[in-house]
Amino acid sequence: MKKTYVLLSSALLALGLNSATWAATADMATPDEAKALSEKAAAAVNDTGKEKAFAAFADNKAGFLEKDLYVFCMDMQGVMLSHAKKPQLVGKNLLEFNKYGDFLFKNMIKTAKSEATAGWVDYKWPYPGSEEIRDKTSYVVTNKEGFFCGVGAYK
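According to mature numbering (1 follows the signal peptide of the UniProt record, and there is no 0), the sequence shown holds residues -23 to -1, 1 to 132 in order.
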């Protein structure tokens, strides 16, 4: 067992990965998982209403917090309605947010208002646990109440 660990550690070091990086990468969700959770969130809003759905999105036992994924919801004017990880954003208008040069929320609204009422939006976002800015993509889905929910994953 010790020999296997030493060999694995050596291999990771040779690849430039340490155990913390390996653990963080292993806990990162895929874009497909983000899409599935976003669709699940939209269905929850449609089935239970926004108040119950918003509470479930932030509940560790409700199945909406998976790996590094979380649900956020926004109205079509750019006001954050629900954010499972940063509740302090709720009620804030983020339409003009452009810290990383991509107006990500405007692009999310454009996608949510599209004929398909759902789709991918690519943008830059800080990587958890570091100051590195990485490529991220969110799948947004408009629900029958007229706002959208999204879930993002790093590429």
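Cβ coordinates follow ideal geometry from the N, Cα and C atoms, glycine included.
C-alpha gap between residue i and residue j, whole angstroms
i: G26; j: D9; result: 25 Å
i: T119; j: E108; result: 31 Å
i: A61; j: Y131; result: 17 Å
i: residue 136; j: K12; result: Shown here, the chain extends from -23 to 132; a query on residue 136 therefore has no answer.
i: V67; j: D52; result: 11 Å
i: W97; j: A6; result: 15 Å
i: F80; j: G106; result: 23 Å
i: T(-3); j: Y104; result: The predicted model places T(-3) with a pLDDT of 41, which falls under 50 and marks its position as unreliable; any figure quoted below should be read in that light. Going by the C-alpha atoms only, they are around 12 Å apart.
Residue i, buried or exposed, once every other Cβ within 10 Å from all chains shown has been counted against 16
i: G127; result: buried
i: T88; result: buried
i: K29; result: exposed
i: K113; result: buried
i: S91; result: exposed
i: A93; result: exposed
i: G123; result: exposed
Quiz item: If we count Cβ pairs, one from each stretch, closer than 8 Å, do we get three or more for the stretch 31 to 39 versus the stretch 2 to 13?
Solution: no
Quiz item: Can you list the beta strand (DSSP E) stretches of 3 or more residues lying completely in the stretch 27 to 62, in chain order?
Solution: 49 to 51, 57 to 60
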